[in-house]
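Asker: Last residue of the sequence shown? That's 549 in the numbering used here, and every number before it is there in order.
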Amino acid sequence: MPGLSIALYQPDIAGNTGTILRLAACLGISVEIIEPAGFDTSDRNLRRAGLDYAQTAQLTRHVDWAHFEAWRVETGRRLVLASTGAAAPYTSIEYRSDDILLFGRESAGVPEHVHEKADLRVIIPMVAGQRSINVAMSAAMISGEALRQTGFPALAHL
């Protein structure tokens, strides 16, 4: 059974992607990059952004949303979208160990057709008047809660 995944929809900032690759490598989470990205996603560039952690991260690149969605449907995995337009706090849902946690572009989030494909939509509650939390921080918070609930399956050896 596949484990938890973080999916990045057309990420804009290499540094954020690198931070997420480092998080994922350390916690045994796979990363799905849905292209096109706003930066060069070559192995060399991702290694630079993710330091040496990018080499150990389980990374899959999807050429576009359609290819990612076809793969997701084929694998039967649930899509959990982090969105500032969601109503359910990320701590209020029950995560599955094979969920795909989807995070949108830093500059624009995800388009409506992507919202429509999400099985669940979650929000990180924030102080009124703030727009959003950095995508890498959001990925850490939500994946941390998902791992807490599912018992850190990739770290069962501890």
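Positions of the beta carbon are idealized from the N, C-alpha and C atoms, including for glycine.
(1) In the structure shown, what three-state DSSP assignment does serine 396 receive?
(2) Jot down the residue ranges of each uninterrupted alpha helix (DSSP H) in the stretch 410-490, minimum 4 residues, whole runs only, in chain order.
(3) Closest by CA to tyrosine 486, which one among Gly495, Ala499, Leu472, Arg496?
(4) How many angstroms separate the CA atom of phenylalanine 459 from the CA atom of methionine 528?
(5) What residues are listed by DSSP as bridge partners for arginine 496?
(6) Rounded to the nearest angstrom, what separates threonine 541 and alanine 530 at their Cα positions?
(7) Could you spell out where the alpha helix (DSSP H) holding isoleucine 533 opens and where it closes?
(8) Would alanine 537 pass as a contact of isoleucine 514 if the rule is Cβ separation under 8 Å?
(9) Kindly indicate the opening and closing residues of the beta strand (DSSP E) around arginine 512.
(10) Between aspartate 510 and methionine 517, what straight-line distance do the alpha-carbon atoms span, to the nearest angstrom?
(11) Could you compute how far the alpha carbon of serine 498 sits from the alpha carbon of isoleucine 424?
(12) Taking just the CA atoms, how far does glutamine 521 sit from glutamine 449?
(13) Determine the DSSP secondary structure at valine 505, reduced to helix, strand or coil.
Answerer: Taking the structure as given:
(1) Note: serine 396 maps to strand in three-state DSSP.
(2) If we require 4 residues or more, the alpha helix (DSSP H) runs fully inside the stretch 410-490 come out as 434-441, 456-466.
(3) Nearest C-alpha to tyrosine 486: Leu472.
(4) If I take the Cα positions, the gap works out to 23 Å.
(5) DSSP, once it has assigned bridges, lists Gly500 as partnering arginine 496.
(6) Going by the C-alpha atoms only, they are around 16 Å apart.
(7) Unbroken alpha helix (DSSP H) run through isoleucine 533: 526-541.
(8) With contacts defined by Cβ atoms closer than 8 Å, alanine 537 and isoleucine 514 do not form a contacting pair.
(9) Where arginine 512 is concerned, the enclosing beta strand (DSSP E) starts and stops at 511-514.
(10) Straight-line measurement puts the Cα of methionine 517 at about 23 Å from the Cα of aspartate 510.
(11) Here the alpha carbon of serine 498 sits roughly 16 Å from the alpha carbon of isoleucine 424.
(12) Rounded to whole angstroms, glutamine 449 to glutamine 521 spans 33 Å at the Cα level.
(13) Judged by DSSP in its simplified three-state form, valine 505 adopts helix.
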